[in-house]
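Undergrad: Heads up: the sequence shown begins at 19 in my numbering, then just goes up one per residue.
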Amino acid sequence: MLGLVILVWGVWSSTIGRADGAISTSTMQEIERVNEKGPYLGIVVPNSFEMNPLLQSPSFVADLQVPYLDYFGRRFRFGKVENEEVIVVLTGLSMLNAGITTQLLLTLFKVKGVLHYGVAGNANPQLQIGDVTIPRYWAHTGLWNWQRYGDGPDDELALESNGDYTREIGYLRLANYQNGSENGKPVENLLNNVWYQPEEVFPVDGIPEVRQHSFWVPVNKHYFKVAKRIEGMTFQRCVNSTCLPRAPKAVRVKRGASANAFVDNSAYREFLYSKFNITPIDMESAAVALVCHQQQIPFIAIRALSDLAGGGSAVSNEAGIFASLAAQNAVDASLRFITLLFA
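1. Would the beta-carbon of Tyr-214 fall within 8 Å of that of Ile-318?
2. Considering Arg-364, what are the terminal residues of the alpha helix (DSSP H) in which it resides?
3. When the Cα of Glu-218 is compared with those of Phe-233, Leu-209, Asn-211, Glu-206, which residue comes out closest?
4. Skipping 5 residues on each side, what residues in its chain have a beta carbon closer than 8 Å to that of Leu-111?
5. Grab the span of the alpha helix (DSSP H) containing Ser-232 for me, first residue to last.
6. Do you know how far the Cα of Gly-117 is from the Cα of Val-222?
7. Nearest-angstrom Cα distance between Leu-353 and Phe-127?
8. Measuring straight from C-alpha to C-alpha, what distance separates Val-235 and Asn-347?
9. State buried or exposed for Asp-325, treating a residue as buried only when at least 16 other CB atoms are found within 10 Å of its CB.
10. Contact check, Leu-262 vs Gln-146 under 8 Å by CB: the rounded distance?
11. Would you tell me roughly how many angstroms separate the C-alpha atoms of Ala-176 and Val-205, rounded to the nearest one?
12. Go ahead and label Gln-314 buried or exposed: buried means 16 or more other beta carbons lie within 10 angstroms of its beta carbon, across all protein chains shown.
13. My guess is that Ile-299 and Ala-141 are in contact by the Cβ rule of under 8 Å, so how many angstroms apart are they, rounded?
14. Exposed or buried, what is Glu-174 when buried is set at 16 or more other beta-carbons lying within 10 Å of its beta-carbon?
15. Can you name, in chain order, every residue of its own chain whose Cβ lies under 7 Å from the Cβ of Ser-188, other than the five neighbours on each side?
16. Check Gly-60 in the structure and name its three-state DSSP category.
Here is the structure:
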């Protein structure tokens, strides 16, 4: 009978250790072991072609005891960059993946700050492919209230009176970009207006389930001040025999934007720049920013420009040619930033 009890207890306890949604005992022990070396700088990267130049750099030294830990489809890599303890993690494409990965990073490990880097499309005609941008603010520009046909800017949005939506940020009037006609007259555009909306955020020091709103999410003030010291830093300009008109440089800019869309459209690029003064356009940075903002963790994003969104520059078909160069430039800028941040 005692043997049966012991057997049942063993089966029950092992089941708990691998219960769905729970962290197993062995994984928890590994996390605790890793956290003894913390706190870490979290380095969050969207894709492998952006992460590999960092991992292959002599500046990155993998931890010999625990080089990585796999959890929920993510691989958290441990090591040192410029003698600073870091955790490097790949998010995958999109706002959802970036947000989930960042939340896992901050939940599981002792993290004192987050550096997010990668490549981005460019909306700013004053800058060039290969330039490395460091925005002061990030916004998620893919959260919309699509207005009913027939209503205009003076008409209240659905659920606006409840505080769910707002007209304060601004809108895109799709009819401004139509070119269809019938019998020589413009065809009425049924798509009307889309109004940009702030995210609902729930800060860790706030009252649970009491929402706040945030559209322009600032990066950490100290991190942004340190980034000023890499302004003017120059980078490589050639891919094989294809070279940019000038050497790319690092520059701090006012704003960046993210949404679940790869923007390769000049009309929308020009709208984002003229309406919001946005420079880099990507699919992840705002999600990382929003999670760090809610968790009150210092954050900054460094994005190198791989293409002029929608084309039309002197260097055309840009992303396919210059993505690797932009990725390397983003890594070089990030390494320099880390050196200065902890100097």
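For every residue, glycine included, the Cβ atom is placed at its ideal position computed from N, Cα and C.
TA: This is what the structure holds:
1. no
2. Past the boundaries of the shown model lies residue 364; the chain is included only from 19 to 361, so the question cannot be answered.
3. Phe-233
4. Pro-64, Asn-65, Met-301, Glu-302
5. Unbroken run through Ser-232 is the beta strand (DSSP E), 230-232; no alpha helix (DSSP H).
6. 16 Å
7. 22 Å
8. 24 Å
9. buried
10. 6 Å
11. 26 Å
12. exposed
13. 6 Å
14. exposed
15. Per the sequence shown, the amino acid found at residue 188 is Gly instead of Ser. Only Tyr-214, Lys-293 meet the Cβ criterion.
16. strand
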